[in-house]
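**Student:** Just so you know, the protein sequences line up as chains A and B, in that order. The numbering used here applies: residue 1 is where the first sequence begins, and numbers increase by one. The numbering used here applies: residue 1 is where the second sequence begins, and numbers increase by one. I'd like to ask you about the structure that follows.
Number of protein chains: 2
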Amino acid sequence: MTTIHDVAKRAGVAPITVSRVINNTGYASQETRERVETAITELGYIPNVLARSLRSKRTNTLALVMTDITNPFFTVIARGVEDTASESGYTVIYCNTDESETGEYKYAQILAQKQVDGVILVPACSNSKTVEFFQSNNIPVVLIDRSIPDVETDVVRCDSVSGAYQLVKLLIDLGHTRIAVLSGPREISTAEDRVTGYRLALAEAGLAGNELVYYGSFTQAKGYDLAVQVMAKTSPPTALFCANNFISIGALKLLRDSGLRVPEDVALVGFDDLPVNMVIDPFFTVAAQPAYEMGQRGTELLIERLTGGAPDECQEVILPIEIIVRKSSGLAHF
Amino acid sequence: MTTIHDVAKRAGVAPITVSRVINNTGYASQETRERVETAITELGYIPNVLARSLRSKRTNTLALVMTDITNPFFTVIARGVEDTASESGYTVIYCNTDESETGEYKYAQILAQKQVDGVILVPACSNSKTVEFFQSNNIPVVLIDRSIPDVETDVVRCDSVSGAYQLVKLLIDLGHTRIAVLSGPREISTAEDRVTGYRLALAEAGLAGNELVYYGSFTQAKGYDLAVQVMAKTSPPTALFCANNFISIGALKLLRDSGLRVPEDVALVGFDDLPVNMVIDPFFTVAAQPAYEMGQRGTELLIERLTGGAPDECQEVILPIEIIVRKSSGLAHF
DNA sequence: CGATACCATGGTAACGATATCATAGCTTTA
DNA sequence: TAAAGCTATGATATCGTTACCATGGTATCG
Numbered sequence: 001m002t003t004i005h006d007v008a009k010r011a012g013v014a015p016i017t018v019s020r021v022i023n024n025t026g027y028a029s030q031e032t033r034e035r036v037e038t039a040i041t042e043l044g045y046i047p048n049v050l051a052r053s054l055r056s057k058r059t060n061t062l063a064l065v066m067t068d069i070t071n072p073f074f075t076v077i078a079r080g081v082e083d084t085a086s087e088s089g090y091t092v093i094y095c096n097t098d099e100s101e102t103g104e105y106k107y108a109q110i111l112a113q114k115q116v117d118g119v120i121l122v123p124a125c126s127n128s129k130t131v132e133f134f135q136s137n138n139i140p141v142v143l144i145d146r147s148i149p150d151v152e153t154d155v156v157r158c159d160s161v162s163g164a165y166q167l168v169k170l171l172i173d174l175g176h177t178r179i180a181v182l183s184g185p186r187e188i189s190t191a192e193d194r195v196t197g198y199r200l201a202l203a204e205a206g207l208a209g210n211e212l213v214y215y216g217s218f219t220q221a222k223g224y225d226l227a228v229q230v231m232a233k234t235s236p237p238t239a240l241f242c243a244n245n246f247i248s249i250g251a252l253k254l255l256r257d258s259g260l261r262v263p264e265d266v267a268l269v270g271f272d273d274l275p276v277n278m279v280i281d282p283f284f285t286v287a288a289q290p291a292y293e294m295g296q297r298g299t300e301l302l303i304e305r306l307t308g309g310a311p312d313e314c315q316e317v318i319l320p321i322e323i324i325v326r327k328s329s330g331l332a333h334f
Numbered sequence: 001m002t003t004i005h006d007v008a009k010r011a012g013v014a015p016i017t018v019s020r021v022i023n024n025t026g027y028a029s030q031e032t033r034e035r036v037e038t039a040i041t042e043l044g045y046i047p048n049v050l051a052r053s054l055r056s057k058r059t060n061t062l063a064l065v066m067t068d069i070t071n072p073f074f075t076v077i078a079r080g081v082e083d084t085a086s087e088s089g090y091t092v093i094y095c096n097t098d099e100s101e102t103g104e105y106k107y108a109q110i111l112a113q114k115q116v117d118g119v120i121l122v123p124a125c126s127n128s129k130t131v132e133f134f135q136s137n138n139i140p141v142v143l144i145d146r147s148i149p150d151v152e153t154d155v156v157r158c159d160s161v162s163g164a165y166q167l168v169k170l171l172i173d174l175g176h177t178r179i180a181v182l183s184g185p186r187e188i189s190t191a192e193d194r195v196t197g198y199r200l201a202l203a204e205a206g207l208a209g210n211e212l213v214y215y216g217s218f219t220q221a222k223g224y225d226l227a228v229q230v231m232a233k234t235s236p237p238t239a240l241f242c243a244n245n246f247i248s249i250g251a252l253k254l255l256r257d258s259g260l261r262v263p264e265d266v267a268l269v270g271f272d273d274l275p276v277n278m279v280i281d282p283f284f285t286v287a288a289q290p291a292y293e294m295g296q297r298g299t300e301l302l303i304e305r306l307t308g309g310a311p312d313e314c315q316e317v318i319l320p321i322e323i324i325v326r327k328s329s330g331l332a333h334f
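Listed below in structure tokens is the structure:
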């Protein structure tokens, strides 16, 4: 391992001068700079960022903690984070909690040990333990996609209530009166908010008595499972609103397996689009969240806070949702 | 920030004793152990792994460098790597090269700076620069999925030649005689191997004169593009063999856009399955590689090498491919 | 022309942990 | 009972870098 001392010796300068050249801090004459640079390439010197970070107390590393890395929605967020972070010279550590609270806390420990400068968190629960842990260790946190009650952090999310309202309103306008919502876990803000939007739309249409609310989790298997339950009712709904893409896929699978056609027999709308490169024939009517921008804005906020450019109070950024009408919602019903 | 010194002071011992308790190295009496542990929890002490790694020269960190993080095939590999690594106490840094040689080399620098213990690499090119760079910095490398000529490393991959042969043979057995292959970049071993397998099957059937070989890249857009080219021929093929899942999707899209039915008008087979939770109705006949096991085995090999449990010579692990026949290949033709 | 500012460079200490060696009491063994 | 081995603990040096302070030369200014 060649160190900064080896380079310094070869270039005939002090280590600190090499450091200045590498980091472009302080002064260095053109001539010294060149001598150092040739020494670096001749020796194939690679700075040791562990030592650097230990001394400087900055790792230039951010962590992205999310709940389901297999979901393209989060993969796209990750892209947004990665691109934005690397523009500012940060690297990103990705962590997958699988929607587990203990997994999340376990990762929090590891990340603090690794001295990450900041964390972008998609919380796996409504519990504030993880956030408080980070904050007590002076690690700024930005929440993304989901919020947590009674916590002081920056947040980047979409207006799930409004998105859900619009989707359900669309179904009502098409003539549906028996509409079910298949949602995620009750403790997750987005799962709740989407149910709230659903209720708003029903209430407005005088259908408050027809509520069919199912909570579960944001997975295909659970989507299938919830669809089994709701379609087994004596008078099953004519339309389903699914709270995310995987629930939509699971529900659609159950409907097909039951010999029901979508949208002819049952209409389907849901949150979160699938990425173009994974889909042959876009089918789902969805409320599409700007995942890439969510990652981007979240990272920007975090970096601002790290570099002191952020205001004292926490910010909440709410990005717009786009309703994309495709085939699964069908035409006017009845 | 509370340090190991603070803990030591509180527990009335030397820092090194705290270190021993934390790491379970050396001796410590039950009583001391307890005093240290209560001091740790009382102070909320978090060890600084930067300092630890700087001194011990081990980061317990592996890097997974892959070419396309949006491709489920690689996402699943990543899962295999993650699970295996964390079982042995390693954390994983994920890097996405987007199939770019320069991106790959750039990441190599960063990873060396971060002092990763080892690297699992899906090479973006047939060039050995990156591997040699790692090796010259004493960082062991395991290649996964793709191999590189003239390089001494462990490799975990599948037999692409055989998988391609079997898929194309299946098409021939169904009666097809004009079959095209849409492959990835010429420099990538898997792209080449799959063409080789295709050629083998044709030659065996006495169809060597009918070869239709298209190289491109492993993306949906390129799959579409290559399909445009091949279907524009005066006597277009009656079957396509696509070298990966994204090419398959792109090709299928073009066929649908051209009003052609699959498999009735054109049959389609390809490499790499799509994950169940992303698909409603499995359609593609594929050669499925055991992605999870590939990640797993690759990581095991790497860890063995790090802990000195590996033999001197490099190992090449070749995992079996499963041919899954579904609808896209159709029934007997003509 | 002395004060002030900027440029260029270096010495020393410190970041927070562990490797290495040392010490000393106690137990086992021949 | 002396040698050897185990248990329990600590002192010191060091990993590779940068923060901080210091030095001296040259340019600028009132």
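Every residue, glycine too, gets a C-beta built ideally from N, C-alpha and C.
What does Leu54(B) reach in chain A if we use C-beta pairs closer than 8 Å?
**Tutor:** Residues of chain A passing the Cβ test: Asn48, Leu50, Ala51 and Leu54.
**Student:** Take Ile93(A) as the anchor and find which of Val65(A), Glu87(A), Thr70(A) and Thr75(A) has the nearest alpha-carbon.
**Tutor:** Val65(A)
**Student:** Kindly say whether Asn244(A), judged by its beta-carbon, lies nearer than 7 Å to any beta-carbon of chain B.
**Tutor:** no
**Student:** Taking only the alpha-carbon atoms, compute the straight-line gap between Ile139(B) and Val195(A) and give it to the nearest angstrom.
**Tutor:** 51 Å
**Student:** Could you tell me which chain A residues have their CB closer than 9 Å to the CB of Lys222(B), listed as they occur along the chain?
**Tutor:** Residues of chain A passing the Cβ test: none, with the nearest at roughly 11 Å.
**Student:** Short check: CB of Ala180(B) to CB of Pro237(B), under 7 Å?
**Tutor:** Judged by their CB atoms, Ala180(B) and Pro237(B) are nearer to each other than the 7 Å cut-off.
**Student:** Hey, is the stretch 309-321 of chain B in contact with the stretch 151-158 of chain B, meaning 3+ C-beta pairs nearer than 8 Å?
**Tutor:** Per the Cβ contact rule, the stretch 309-321 of chain B is in contact with the stretch 151-158 of chain B (3 or more Cβ pairs under 8 Å).
**Student:** If you reduce the DSSP assignment to three classes, tell me which class Tyr94(B) lands in.
**Tutor:** strand
**Student:** Less than 7 Å between C-beta atoms, sequence neighbours within five positions excluded: which residues of the same chain meet that for Phe246(A)?
**Tutor:** Asn71, Phe218, Thr219, Gln220 and Gly223
**Student:** Return no unless some Cβ of chain A is closer than 7 Å to the Cβ of Ile249(B).
**Tutor:** Residue contact check for Ile249(B) against chain A: a CB pair falls below 7 Å.
**Student:** Report the residue from Leu50(A), Gly118(A) and Tyr105(A) whose alpha carbon sits nearest the alpha carbon of Cys125(A).
**Tutor:** Out of Leu50(A), Gly118(A) and Tyr105(A), Tyr105(A) has the C-alpha closest to the C-alpha of Cys125(A).
**Student:** Along the beta strand (DSSP E) that carries Thr61(A), what are the first and last residues, could you check?
**Tutor:** In this chain, the beta strand (DSSP E) harbouring Thr61(A) covers Thr61 to Met66.
**Student:** Rounded to whole angstroms, what's the CA-CA distance from Asn48(A) to Thr59(A)? Just pull it up for me.
**Tutor:** Distance from the CA atom of Asn48(A) to the CA atom of Thr59(A), rounded to whole angstroms, is 11 Å.
**Student:** At 9 Å on the CB atoms, spell out the chain B contacts of Thr70(A), in chain order.
**Tutor:** Residues of chain B whose Cβ lies closer than 9 Å to the Cβ of Thr70(A) are, in chain order, Pro72, Thr75, Val76, Arg79, Pro275, Asn277 and Met278.
**Student:** Taking the beta strand (DSSP E) that Tyr214(B) belongs to, which residues open and close that run?
**Tutor:** Leu212 to Tyr214
**Student:** Can you check the stretch 168-195 of chain A for any beta strand (DSSP E) of at least 3 residues that lies completely inside it and give the ranges in chain order?
**Tutor:** 179-182
**Student:** Measure how close the beta-carbons of Val68(B) and Glu99(B) come, nearest whole angstrom, since I'm counting them as under 8 Å.
**Tutor:** For the record, residue 68(B) in the displayed sequence is Asp; it is not Val. That pair is a contact at about 7 Å.
**Student:** Is it right to say Val276(A) is buried, meaning 16 or more other beta carbons lie within 10 angstroms of its own, or is it exposed?
**Tutor:** exposed
**Student:** Which residues in chain A have a C-beta closer than 8 Å to the C-beta of Ala112(B)? List them in chain order.
**Tutor:** Ile46
**Student:** Check this for me: beta carbons of Ala287(A) and Ile249(A), under 7 Å apart or not?
**Tutor:** no
**Student:** Any C-beta of chain A within less than 8 Å: which residues of the stretch 97-125 of chain B qualify?
**Tutor:** Contacts with chain A (Cβ-Cβ distance below 8 Å) from the stretch 97-125 of chain B involve Gln109, Ile110, Ala112, Gln113, Lys114 and Gln115, listed in chain order.
**Student:** For chain B, is any of its Cβ atoms less than 7 Å away from the one on Leu337(A)?
**Tutor:** This structure cannot settle anything about residue 337(A), because the visible part of chain A is limited to 1 through 334.
**Student:** Quick one: residues in its chain with C-beta nearer than 8 Å to the C-beta of Arg20(B), no 5 flanking neighbours on either side, listed in chain order?
**Tutor:** Gly26, Tyr27 and Ala28
**Student:** My understanding is that Gly206(B) touches Phe241(B), with C-beta atoms under 8 Å, so please give their C-beta distance in whole angstroms.
**Tutor:** Wrong, their Cβ atoms sit about 18 Å apart, outside the cutoff.
**Student:** Could you pull the DSSP bridge partners for Val49(A) from this structure?
**Tutor:** Per DSSP, none; premise fails for Val49(A).
**Student:** Measure the Cβ-Cβ separation of Val116(B) and Leu302(B) and say whether it is below 7 Å.
**Tutor:** no
**Student:** Closest Cβ-Cβ distance between Lys327(B) and chain A: below 7 Å?
**Tutor:** no
**Student:** Is any heavy atom of the ligand HEM found at a distance shorter than 6 Å from the C-beta of Leu331(B)?
**Tutor:** As far as ligands go, the structure on display features none, and thus does not contain the ligand HEM.
**Student:** Name the two residues that bound the continuous beta strand (DSSP E) containing Val119(A).
**Tutor:** Gly118 to Leu121
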